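There are 2 protein chains.
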Amino acid sequence: MADDRLRARVTVMLKEGVLDPQGEAIRHALGVLGFRGVEAVRQGKVIELDLAPGNARADAEAEVARMCEALLANTVIERWQVEFV
Amino acid sequence: MADDRLRARVTVMLKEGVLDPQGEAIRHALGVLGFRGVEAVRQGKVIELDLAPGNARADAEAEVARMCEALLANTVIERWQVEFV
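Right, dumping it as structure tokens:
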């Protein structure tokens, strides 16, 4: 973006080993629709955050990490990752 | 991955201009928790597809595009993009 606005993209996925019924439902539905060769499906969330201008990138990374731990992910069963886009 | 297995990551977001109550709820909750400086939040879905080995990359791209149009996204209100990871 033109100014110093930052957009963080947080991806939240279930941890390996946690049952993912939504993903399994999608896999099944794809098979019903005739799509072969899909071996596994996992569904997660993506959350795009537009941050106010004036944040240093390092500060923003730390702040978004705190948001993930506090609200955006359930860290018992989910893992999260952040990228700036 | 070691073999020729492909993993497609589909990201589905609401189109610009479509009301996103989930994103708005997250923005509000972040404010309540004391996180300032989040101007806008959009929530979407991410769907990871593990494709059977033996697919050519170009074929897989076309196949996943068909899956998006047929099932994974509601193209009236959502846009999708695919990356291979």
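One line per chain: the protein sequences are F and Z, in this order. Read in order, the letters of the first sequence are residues 1 to 85 in our numbering. Read in order, the letters of the second sequence are residues 101 to 185 in our numbering. We put the CB at the ideal spot given by N, CA and C, even for glycine. These figures come from a predicted structure and were not determined experimentally.
Is the segment 129 to 139 of chain Z close to the segment 60 to 74 of chain F, with three or more CB pairs under 8 Å? In the pairwise beta carbon analysis, the segment 129 to 139 of chain Z is classified as touching the segment 60 to 74 of chain F: at least three pairs are separated by under 8 Å.
Please decide whether F/A70 counts as near chain Z, where near means a Cβ-Cβ distance under 8 Å. Cβ-Cβ to chain Z under 8 Å: yes for F/A70.
From Z/V106 to Z/N155, what does the alpha carbon distance come to, in whole angstroms? The sequence as given places Leu at residue 106 of chain Z; Val does not occur at that position. Near 8 Å, if we compare the C-alpha coordinates of Z/N155 and Z/L106.
In the segment 127 to 150 of chain Z, which residues sit with their C-beta less than 7 Å from some C-beta in chain F, listed in chain order? Listed by position, the residues of the segment 127 to 150 of chain Z near chain F (Cβ gap below 7 Å) are A129, L130, L133, F135, G137, V138, E139, A140, V141, R142, Q143, G144, K145, V146, I147, E148, L149, D150.
Enclosing alpha helix (DSSP H) for F/V64 [first to last residue]: From DSSP, the alpha helix (DSSP H) with F/V64 extends over 57 to 67.
If we define contact as Cβ-Cβ less than 8 Å, is F/A52 a contact residue for chain Z? At a cut-off of 8 Å between beta carbons, F/A52 contacts chain Z.
Within a Cβ cutoff of 6 Å, which residues of the same chain sit near F/L49, ignoring the five residues on either side of it in sequence? Excluding residues within five positions, the ones whose Cβ falls inside 6 Å are A8.
Leaving out five residues on either side along the sequence, give the residues of the same chain with a beta carbon under 7 Å from the beta carbon of Z/V164. Correct list, in chain order: A108, V110, L149, V182.
Looking at C-beta atoms only, is the number of pairs between the segment 15 to 30 of chain F and the segment 73 to 80 of chain F that lie closer than 8 Å three or more? The answer is yes - the segment 73 to 80 of chain F touches the segment 15 to 30 of chain F, with three or more Cβ pairs under 8 Å.
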